[in-house]
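K.L.:
Shown below is the structure under consideration.
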Amino acid sequence: MKDRELTASPSSTARPVVTVSYAQTLDGRLATSTGNSRWISGPESLRFAHELRASHDAIMVGVGTVCQDDPRLTVRLVGVPSGSRDPLRVVVDSTLRTPLTAAVLADGAAAGTLLAVTERAPVARRAAARALGATVLRLPGDAGGRVELVALLATLHERGVGSVMVEGGAGLITALLRARLVDRLAVCIAPKVLGAGIEAIGDLGIGDLARALLLCDPRVTSYGADLVIEGRIAYPEDADDR
Ligand SMILES: NC(=O)c1ccc[n+]([C@@H]2O[C@H](COP(=O)([O-])OP(=O)(O)OC[C@H]3O[C@@H](n4cnc5c(N)ncnc54)[C@H](OP(=O)(O)O)[C@@H]3O)[C@@H](O)[C@H]2O)c1
864 MKDRELTASP SSTARPVVTV SYAQTLDGRL ATSTGNSRWI SGPESLRFAH ELRASHDAIM
924 VGVGTVCQDD PRLTVRLVGV PSGSRDPLRV VVDSTLRTPL TAAVLADGAA AGTLLAVTER
984 APVARRAAAR ALGATVLRLP GDAGGRVELV ALLATLHERG VGSVMVEGGA GLITALLRAR
1044 LVDRLAVCIA PKVLGAGIEA IGDLGIGDLA RALLLCDPRV TSYGADLVIE GRIAYPEDAD
1104 DR
């Protein structure tokens, strides 16, 4: 991408295939109640996560994850397929809270990072992020003033992104599921129990079990002591084609 500050103007709602992937404890926690999630999963499943990264055009996280974990979001542990680059890194960040010292903006990484913001992001911070080499994409706000996710995905699609892997955190995953914007789920379950902690998926407004989202044709694979369950998500109306 040559231009660094873009305004969203998608002409359709076509969007990339969206896969949500995260690691959780047996009791469904993404992190401790203090936000510590490193590392829930073991080294074998971490390698799987990097393989999954390598097979996507973009990796997306919410700004909460950037502030808490400061991830690099690059493909490591496995090779990037020849002829391709690290996936685009996308941070969903309405007011541009991403620290300018964050790993996704450090040491040349910024050139492969897109910050999805709204008008609420201060002009000076947008300029500072651009000066580091990041692409700043200004999007409409949703009813709560946060990044409008349909517009974000449509804009990414228009810019050639065919697949997005969403790595968290709980807030972004829950918002995408609520909006039915997730196609696939790949959940790593580690044999650990935390009790109190951050739940992987928050309220989806489901009061009736028959309305539960379903994982179709789930594939279960062991990686060391962890289990990874992957599959396509069916939302209630299309639950019958499982
Ligand atoms: N175990 C794992 O695999 C894993 C993976 C990732 C993260 N984590 C953990 O998850 C925790 C972070 O989760 P989190 O829920 O605090 O943060 P998050 O989901 O990473 O980010 C949420 C933030 O994204 C921004 N956002 C912008 N537009 C949004 C929209 N339309 N919908 C939802 N969010 C939007 C909001 O901040 P603004 O309003 O400021 O824009 C929101 O607070 C950390 O403890 C981290 O360690 C665990």
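Residue numbers (my numbering): 864 to 1105.
Heads up, the beta-carbon is just placed ideally off N, CA and C, and yes, glycines get one too.
In this structure, does DSSP put G1034 in helix, strand or coil?
P.N.:
helix
K.L.:
What is the DSSP secondary structure of Y1098, counted as helix, strand or coil?
P.N.:
Coil.
K.L.:
Answer with buried or exposed for R916, where buried requires no fewer than 16 other C-beta atoms within 10 angstroms of its C-beta.
P.N.:
Buried: at least 16 other Cβ atoms inside 10 Å.
K.L.:
Would you report the Cα separation of E1021 and S872, rounded to the nearest angstrom?
P.N.:
9 Å
K.L.:
How long is the line joining the alpha carbons of M864 and V954, rounded to whole angstroms?
P.N.:
With a pLDDT of 48 at M864, under the threshold of 50, the modelled position of that residue is not reliable, and no figure is offered here.
K.L.:
Report yes or no: do three or more beta-carbon pairs, one from the region 1032-1043 and one from the region 1053-1069, lie closer than 8 Å?
P.N.:
yes
K.L.:
DSSP three-state call for D932: helix, strand or coil?
P.N.:
Residue state, collapsed to three classes: helix.
K.L.:
Measuring alpha carbon to alpha carbon, tell me which of V880, A969, A921, D949 ends up nearest I1096.
P.N.:
V880
K.L.:
Under 8 Å Cβ to Cβ from V943, same chain only, skipping five residues before and after it: list those, please.
P.N.:
Correct list, in chain order: A917, D949.
K.L.:
Are the beta-carbon atoms belonging to A894 and G1060 less than 8 Å from one another?
P.N.:
yes
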